[in-house]
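The structure appears right after this line, and notes come after that.
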Amino acid sequence: MNSIDRLNEMIEQAESVVFFGGAGVSTESGIPDFRSVDGLYNQEWKYPPETIISRSFFDKNTAEFYRFYRAKLNSLGVKPNAAHLKLAELETAGKVRAVVTQNIDGLHQLAGSRIVYELHGSVLRNYCMNCGKFYSAEAVFGSDGIPRCNCGGIVKPDVVLYEEELDDKTVQGAIDAIARCDLLMIGGTSLNVYPAAGLIRYFRGKNIVIINRSPTPYDSKADLVIPGKIGEALSGININ
Ligand code: NAD
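To get my numbering, take the position in the sequence shown, counting from 1, and add 41.
Shown next as structure tokens:
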């Protein structure tokens, strides 16, 4: 039995599937991840991405933060790929109970997924740090320099920067979903970013599948590892 047939068998037998993913889910849509060879770590920036998208860097070098942010994390106009679309179809079919994502691009919702725990927030929501007024992604990506509110405050994306804490309610929702499912599909993540990656430890179900282009620290604990492109692998899932 090939690995896609095995994946189909596991999904068919499962009552409740949760997908846990990261930046690799969106590379087939054209958004670079951090750690692949063509990822952001290997591009020409003065600082590593983790430094630039940290809270202390945002506070001290706000204009440089926004230069990187606009150049590398703009998902406006980007289309969901086969992986996002299949996960949305699986939710409609009653198989996938939730998507837990480290991504901030909003592509799962654009594909039609409804229950999405965005552990690191979303570029689609932005708030004035002074008065709390909401700003769209269009307003922030379409502005120059440091985006400012009418009140003069800095507009900040609702994105969890390094050194910032994850939102409690989102984390709790993700933990509950992972703890209750019987099949956990993990994909497009190096499982290197904590505390997000640690949430998969709450899994108590039957099978773990990892679909990733490169090895992860969790491969030895998985029941099935599919080393390849997630869009291609998920395209092979049959929905009855
Ligand atoms: P990562 O860059 O650390 O790892 C990505 C993993 O995905 C790698 O192991 C890579 O081999 C794999 N991968 C890349 N393309 C793939 C594909 N098509 N199919 C299967 N596997 C593929 O990403 P991470 O683990 O998510 O951690 C980085 C942090 O940066 C996270 O917080 C992440 O959300 C954030 N980030 C988000 C975006 C986004 O929202 N699209 C983009 C860049 C970084």
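Cβ atoms here follow ideal geometry from the backbone N, Cα and C, with glycine treated the same way. Since we're looking at a predicted model, the values are computed, not measured.
{"query": "Any C-beta of chain D under 8 Å from that of residue 125", "result": "The structure shown has no chain D; it contains just one protein chain."}
{"query": "Selection from 90, 100 and 43 that minimises the alpha carbon distance to residue 196", "result": "100"}
{"query": "The ligand NAD heavy atom lying under 7 Å from the CB of residue 93", "result": "no"}
{"query": "Beta-carbon gap between residue 241 and residue 227 smaller than 8 Å", "result": "yes"}
{"query": "Distance CB(residue 199)-CB(residue 158) smaller than 8 Å", "result": "no"}
{"query": "Every unbroken beta strand (DSSP E) inside the stretch 132-182 [3 residues or more]", "result": "137-142, 157-159 and 162-169"}
{"query": "According to DSSP, residues forming a beta bridge with residue 199", "result": "163"}
{"query": "Sequence-distant residues of its chain with Cβ nearer than 7 Å to residue 71 (five each side left out)", "result": "119"}
{"query": "Supposed close pair residue 116, residue 146 - CB separation, criterion 8 Å", "result": "4 Å"}
{"query": "At least 3 beta-carbon pairs within less than 8 Å: the stretch 230-238 vs the stretch 255-266", "result": "yes"}
{"query": "Residue 134, buried or exposed, once every other Cβ within 10 Å from all chains shown has been counted against 16", "result": "exposed"}
{"query": "Rounded straight-line distance, which links the Cα of residue 270 to that of residue 123", "result": "10 Å"}
{"query": "Residues of its chain near residue 150, where Cβ-Cβ distance is below 8 Å and the 5 sequence neighbours each way are ignored", "result": "157"}
{"query": "Nearest to residue 193 (by Cα), restricted to the options 178, 170 and 203", "result": "170"}
{"query": "Separation of residue 205 from residue 97, as counted between CA atoms", "result": "9 Å"}
{"query": "Nearest neighbour of residue 202, chosen from 95, 47, 276 and 53 [CA to CA]", "result": "95"}
{"query": "Assigned secondary structure, residue 228 (DSSP; H/G/I helix, E/B strand, else coil)", "result": "strand"}
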